[in-house]
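K.L.:
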Amino acid sequence: MKNVLVVGSGAREVAIARCVSQSSIKNSLFCVSKDINPQIFDLCKDYFVTDLANISDIVSYSKKTRVDFAIIGPENPLANGIVNELENVGVKCVGPKKEVALIETSKAFARKIIDLCCPEKNPQRKEFSSIEGVESFIKQLGGEYVIKFDGLMGGKGVRVSGEHLKNIDEGVAYANEITNIGGKFLIEEKLIGEEFSLMSFVDGKVCKHMPVVQDHKRAYEGDTGPNTGGMGTYSFGNHSLPFLSEKDINEAQKTNELVAKQLFDETGTPYVGILYGGFMLTGGGVKVIEYNARFGDPEAMNVLSVLESDFLSICISMVDGNLKNQDVSFEKLATVCKYVVPVGYPDKPTKNFEVFCDQNDRSLFLASVMLKDQKLIACGSRTAAVVGKNKDIFQAELFAEAGIANISGNLFHRKDIGTKKLIDSRIKRMKELLQ
Ligand code: AMP
Ligand code: GLY
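Take the sequence shown: its letter number 215 is residue 214 in numbering that gives the first Met the number 0, and every next letter is one higher.
1) Would you mind giving the Cβ-Cβ distance between residue 160 and residue 144, rounded to the nearest angstrom? I have them listed as a contact below 8 Å.
2) Can we count residue 183 as close to ligand 1, meaning its CB is less than 7 Å from some heavy atom?
3) What do you reckon, is the C-beta of residue 226 under 7 Å from a heavy atom of ligand 1?
4) With a threshold of 7 Å, establish whether the CB of residue 295 neighbours any heavy atom of ligand 2.
5) Among residues of its own chain, excluding the 5 on either side of residue 262, which ones have a beta-carbon nearer than 7 Å to its beta-carbon?
6) Using a 10 Å radius around the Cβ and a threshold of 16 neighbouring Cβ atoms, would you call residue 7 buried or exposed?
7) Residue 217 lies in the beta strand (DSSP E); which residues open and close that run?
8) Counting only runs of 4+ residues fully inside the stretch 77 to 128, write out the alpha helix (DSSP H) ranges in chain order.
9) Any heavy atom of ligand 3 inside 7 Å of the beta-carbon of residue 288?
10) Could you tell me the alpha carbon to alpha carbon distance between residue 142 and residue 1, rounded to whole angstroms?
11) Is residue 157 a contact residue of ligand 1, with contact defined as CB to any heavy atom under 7 Å?
12) How is residue 234 classed by DSSP in three states: helix, strand or coil?
13) Taking the DSSP output, what are the residues bridged to residue 64?
14) May I have the straight-line CA-CA distance separating residue 214 from residue 45, to the nearest angstrom?
15) Are residue 396 and residue 408 touching if we call contact CB-CB under 8 Å?
16) What runs of the beta strand (DSSP E), each 3 residues or longer, lie entirely inside the stretch 180 to 215?
17) Look at the Cβ atom of residue 51, then the Cβ atom of residue 73, and state whether they are nearer than 8 Å.
18) Roughly how many angstroms separate the alpha carbons of residue 201 and residue 16, rounded to a whole number?
19) Does the distance from the CB of residue 317 to the CB of residue 93 come in under 8 Å?
20) Have a look at residue 30 and residue 401 and give me their C-alpha separation to the nearest angstrom.
21) Hey, could you find the ends of the beta strand (DSSP E) residue 336 is sitting in?
22) Using only CA atoms, which one of 360, 147, 338 and 351 lies nearest to residue 417?
23) Expressed to the nearest angstrom, what Euclidean distance is found between the alpha-carbon atoms of residue 371 and residue 13?
24) Given a cut-off of 8 Å, decide if residue 71 and residue 88 are closer than it, judged by their beta-carbon atoms.
25) Would you kindly work out how many angstroms separate the C-alpha atoms of residue 379 and residue 324, rounded to a whole number?
26) Under the rule that 16 or more other beta-carbon atoms within 10 Å means buried, what is residue 404, buried or exposed?
27) Could you check what DSSP says for residue 265 in three-state terms: helix, strand or coil?
28) Kindly indicate which residue of 362, 58 and 311 has the alpha-carbon position closest to the one of residue 336.
29) For ligand 2, is there any heavy atom lying closer than 7 Å to the beta carbon of residue 359?
30) Hey, would you say the C-beta of residue 214 is under 7 Å away from at least one heavy atom of ligand 2?
31) Give me the residue from 178, 123, 109 and 156 with the minimum Cα distance to residue 131.
32) Measure the CB-CB distance between residue 299 and residue 389 and report whether it falls below 8 Å.
33) From which residue to which residue does the alpha helix (DSSP H) around residue 164 run?
34) Please state whether DSSP places residue 299 in a helix, a strand or coil.
35) Looking only at C-alpha atoms, which of 235, 377, 293 and 277 sits nearest to residue 394?
36) Less than 8 Å between the beta carbons of residue 369 and residue 193, yes or no?
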């Protein structure tokens, strides 16, 4: 009998909680989060409502409820050292200690680790803590650049030239904005190509890889608008993507393996948990865009919806350093996941409106919602995700849309994610780049 604590209560954590509760290993589920997600609540023996910044309260709660191990969903508690604190009291964690979670927390640290183990995967870049030299470096990159705040910004700290930054002056102004709050930032060469996410289970030494997924970070159809936490994702039944070769996938897998090893060599702390590589296939090969120290959201909903092996068993293998002997396999099915989000998201989201849906629908994953007087209320961030699953990706897309048709509220979503038109345009663009 295992007592399992899930930290967080978004759609990603619904996916995690469902997988734990389906395990053949007997368990009791506990959750800690700021809000009550009714879909997780229904699966739990107990639910502790607190801000995730209150790590000492979470540690006391874990001791009181005799938690055997914890699965950490979001990045902030990882950055704040929740794993260090929980492990001090004997709670093993699926999630890295803060020394290695730095791979997500600090963009500069991530680039340094990559430089040490696979420098060819890094774009040209420079670190800044003042405005000095910014303009000349932007010019050196030919005006094709990306400015990245060096810290956690919920996926919204990155601005790309030609998209968010119309000219050099706007780039300098954003750099000023960051230095005015005492922040550091990176300026990187703007890479051109197709992005994909490859997540791996890691036990400190061994990596076991998940199917590759493509996320859609921009808020609006046709990849326009501001960056978001991710508006939707798809994965194919062959666990690859139609614009990637086997070699590209192998390179990405190898990169995750090298990075996990380098993190240990550099810090002396083994990396245990989910390692998320954000890659781009460019005309010059596979490059790293970013690393995350947790399951992607929405990517978790894709991969966990097709996971064949016992998730809890994988978690136990990770924390016990025994992943080598663990079966990790996925159904050969395509998935399409789409988020419905409040009108105005991400910049000026509407909030506190009622959402109507069938909470018992297994393809629905509630996210930024709370229960108030028995009503489901949207809190302002991404509201709910729906996953369609089928042998054929376009059928999976239709299933996702059918699920979304059953949700109502002041919401919108990207209809183009997972459609033939969008995927064909990606294949065409990549072909042109590789010519
Ligand atoms: P990140 O938070 O680092 O994932 O960045 C958010 C988004 O910004 C990515 O998904 C990319 O679309 C874009 N981006 C980040 N770095 C680069 C880069 N060096 N070149 C082109 N686009 C980038
Ligand atoms: N889907 C992007 C992320 O989880 O950061």
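For each residue, glycine too, the CB sits at the ideal point set by N, CA and C. Just so it is clear, the structure is predicted and the values come from calculations on it, not from any experiment.
P.N.:
Inspection of the coordinates gives the following:
1) Here residue 160 corresponds to residue number 161 of the sequence shown, with the count starting at 1. Here residue 144 corresponds to residue number 145 of the sequence shown, with the count starting at 1. Between residue 144 and residue 160 the Cβ distance is about 5 Å, and since that is below 8 Å, they are a contact.
2) Position 184 of the sequence shown holds residue 183. Checking the Cβ of residue 183 against ligand 1 gives no.
3) As a first step, residue 226 must be located in the sequence shown, where it is residue number 227. Yes, the beta carbon of residue 226 sits closer than 7 Å to at least one heavy atom of ligand 1.
4) Here residue 295 refers to the residue found at position 296 when the sequence shown is read from its first residue. Correct: residue 295 has its Cβ closer than 7 Å to ligand 2.
5) The sequence position of residue 262 within the sequence shown is 263, counting from 1. Here the set comprises 99, 102, 112 and 270.
6) What you label residue 7 is simply residue 8 of the sequence shown in a count that begins at 1. Classification of residue 7: buried, given that the 10 Å Cβ count is 16 or more.
7) For the purposes of this step, residue 217 is taken as the residue at position 218 of the sequence shown. Run containing residue 217: 217 to 219, per the beta strand (DSSP E) assignment.
8) Listed in chain order, they are 81 to 87, 97 to 104 and 106 to 116.
9) Among the ligands modelled here, namely ligand 1 and ligand 2, ligand 3 does not occur.
10) The residue you call residue 142 lines up with position 143 of the sequence shown. The residue you call residue 1 lines up with position 2 of the sequence shown. Their backbone Cα atoms lie some 55 Å apart in a straight line.
11) The residue given as residue 157 occupies position 158 in the sequence shown. When distances are taken from the beta-carbon of residue 157 to the heavy atoms of ligand 1, the shortest one is below 7 Å.
12) For the purposes of this step, residue 234 is taken as the residue at position 235 of the sequence shown. In the three-state scheme derived from DSSP, where H, G and I count as helix and E and B as strand, residue 234 is classed as strand.
13) Reading the sequence shown from its first residue, position 65 is the one you call residue 64. DSSP output for residue 64 lists no bridge partner at all.
14) The count along the sequence shown starts at 1 and reaches residue 214 at position 215. The count along the sequence shown starts at 1 and reaches residue 45 at position 46. If you take the alpha carbons of residue 214 and residue 45, they lie about 33 Å apart.
15) Taking the sequence shown and counting its residues from 1, the one referred to as residue 396 is at position 397. Taking the sequence shown and counting its residues from 1, the one referred to as residue 408 is at position 409. Contact flag unset, no.
16) Secondary structure remark: continuous beta strand (DSSP E) runs of at least 3 residues inside the stretch 180 to 215, in chain order: 184 to 188, 192 to 202 and 206 to 208.
17) Counting from one through the sequence shown, the residue named residue 51 turns up at place 52. Counting from one through the sequence shown, the residue named residue 73 turns up at place 74. Against a cut-off of 8 Å, the Cβ pair of residue 73 and residue 51 comes out as a contact.
18) Numbered from 1 along the sequence shown, position 202 holds the residue referred to as residue 201. Numbered from 1 along the sequence shown, position 17 holds the residue referred to as residue 16. Straight-line spacing of the CA atoms in residue 201 and residue 16 works out to 19 Å.
19) Looking up residue 317 in the sequence shown gives position 318. Looking up residue 93 in the sequence shown gives position 94. Contact flag set, yes.
20) Residue 30 sits at position 31 when you count from the first residue of the sequence shown. Residue 401 sits at position 402 when you count from the first residue of the sequence shown. If you draw a straight line from the Cα of residue 30 to the Cα of residue 401, it is about 30 Å long.
21) Here residue 336 is taken as the residue at index 337 of the sequence shown, counted from 1. For residue 336, the uninterrupted beta strand (DSSP E) run begins and ends at 333 to 341, by DSSP.
22) Taking the first residue of the sequence shown as position 1, residue 417 is located at position 418. The shortest Cα separation from residue 417 among 360, 147, 338 and 351 belongs to 338.
23) The residue you call residue 371 lines up with position 372 of the sequence shown. The residue you call residue 13 lines up with position 14 of the sequence shown. Residue 371 and residue 13: Cα-Cα distance of roughly 19 Å.
24) Walking along the sequence shown from the start, residue 88 turns up at place 89. Walking along the sequence shown from the start, residue 71 turns up at place 72. It is not a contact, given that the beta carbons lie outside the stated cut-off.
25) Your numbering for residue 379 matches position 380 in the sequence shown. Your numbering for residue 324 matches position 325 in the sequence shown. Straight across, the Cα-Cα distance linking residue 379 with residue 324 is about 43 Å.
26) Taking the sequence shown and counting its residues from 1, one reaches residue 404 at position 405. Exposed: under 16 other Cβ atoms inside 10 Å.
27) Taking the first residue of the sequence shown as 1, we reach residue 265 at position 266. In this structure, residue 265 counts as helix in the three-state DSSP scheme.
28) For the purposes of this step, residue 336 is taken as residue 337 along the sequence shown, with counting starting at 1. Closest in C-alpha terms to residue 336, from the list 362, 58 and 311, comes 362.
29) By one-based count along the sequence shown, residue 359 stands at place 360. False, no ligand heavy atom lies under 7 Å from that Cβ.
30) Start at 1 with the first residue of the sequence shown, and residue 214 comes out as number 215. Yes, Cβ of residue 214 sits closer than 7 Å to a heavy atom of ligand 2.
31) For the purposes of this step, residue 131 is taken as residue 132 along the sequence shown, with counting starting at 1. Cα-wise, what sits closest to residue 131 is 178.
32) In the sequence shown, the residue the question calls residue 299 occupies position 300. In the sequence shown, the residue the question calls residue 389 occupies position 390. Using a Cβ distance threshold of 8 Å, residue 299 and residue 389 do not count as a contacting pair.
33) Start at 1 with the first residue of the sequence shown, and residue 164 comes out as number 165. In this chain, residue 164 is not harboured by any alpha helix (DSSP H), its DSSP state being neither H nor E.
34) To locate residue 299, count along the sequence shown from 1; it is residue 300. Secondary structure of residue 299 (DSSP, three-state): helix.
35) Residue mapping note: residue 394 aligns to position 395 of the sequence shown, counting from 1. Nearest option by C-alpha distance: 235.
36) In the sequence shown, the residue the question calls residue 369 occupies position 370. In the sequence shown, the residue the question calls residue 193 occupies position 194. Cβ atoms of residue 369 and residue 193: not closer than 8 Å.
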